[in-house]
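Numbering (mature numbering (1 follows the signal peptide of the UniProt record, and there is no 0)), first residue to last: -24 to -1, 1 to 127.
Below, the structure written as structure tokens:
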């Protein structure tokens, strides 16, 4: 009988220690991973034609990037960049942004705000832009430079 009481006591102490350790681990902040400050992209409009700022984006290549997009226009705008908005490169999106079926862009609602976390592609110079859905014949085109983060 004494052995079973000791075994029960040891089991209870072990369970308490393990559950306390699990609670402490859950209280810790999540580990930091390839984080960088958010990159702000602002969309404005002149006569219904969108303009994106900054016109020249410089981001680290093959890295996680957190885009914070603000559409200050009354137009629904499509934000585009080569390969970057493909499902395989998008880590998360939230707010007034919607992934388009072509897999190459995100729509931002009129006067909307959103966040798009993504993985950039290889170093190089690319074109990026934004287009109002009602003025597709007048897109804004900017320069996207992806640089090797080790340099």
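Every residue, glycine too, gets a C-beta built ideally from N, C-alpha and C.
| said: By the three-class DSSP mapping on this structure, what secondary structure does residue 127 have? | reply: coil
| Does the beta-carbon of residue 17 have 16 or more other beta-carbons within 10 angstroms, so that it is buried, or is it exposed? | buried
| query | Could you give the distance in angstroms between the alpha-carbon of residue 116 and the alpha-carbon of residue 28? | reply | 7 Å
| task | Alpha carbon to alpha carbon, how far is residue 126 from residue 63? Give it in angstroms, no decimals. | result | 26 Å
| said: Please give the ranges of any beta strand (DSSP E) in the stretch 31 to 66, keeping only runs that are unbroken, at least 3 residues long and fully inside the region. | reply: 32 to 36, 40 to 47 and 53 to 56
| field | Nearest candidate by alpha-carbon position, reference residue 106, set 122, 91 and 81 | value | Here the closest residue by C-alpha is 81.
| query | Applying the criterion that 16 or more other CB atoms from any shown protein chain within 10 Å of the CB defines a buried residue, is residue 14 buried or exposed? | reply | Its Cβ having fewer than 16 others within 10 Å, residue 14 is exposed.
| message | If I measure Cβ to Cβ from residue 65 and keep anything under 8 Å in the same chain, skipping five residues before and after, which residues do I get? | response | 59, 94, 95, 96 and 97
| DSSP state of residue 2 mapped onto helix, strand, coil | In this predicted model, residue 2 has a pLDDT of only 45, less than 50, meaning its place in the structure is not dependable; the value taken from the coordinates is given anyway. Of the three classes helix, strand and coil, the one that applies to residue 2 here is helix, per DSSP.
| task | With DSSP as the reference, label residue 88 as helix, strand or coil. | result | coil
| Neighbourhood of residue 110 by C-beta distance below 7 Å, restricted to the same chain and skipping five residues each side | 24 and 51
| said: I'd like to check one pair, residue 31 with residue 118: are the Cβ atoms closer than 8 Å? | reply: Judged by beta-carbon spacing, residue 31 lies within the 8 Å limit of residue 118, meaning their Cβ atoms are closer than that value.
| said: Suppose you measure from the CA of residue 20 to the CA of residue 124; what does that come to, to the nearest Å? | reply: 30 Å
| Which of the three DSSP states, helix, strand or coil, is assigned to residue 128? | With the chain running from -24 to 127 in the structure shown, residue 128 is simply not present.
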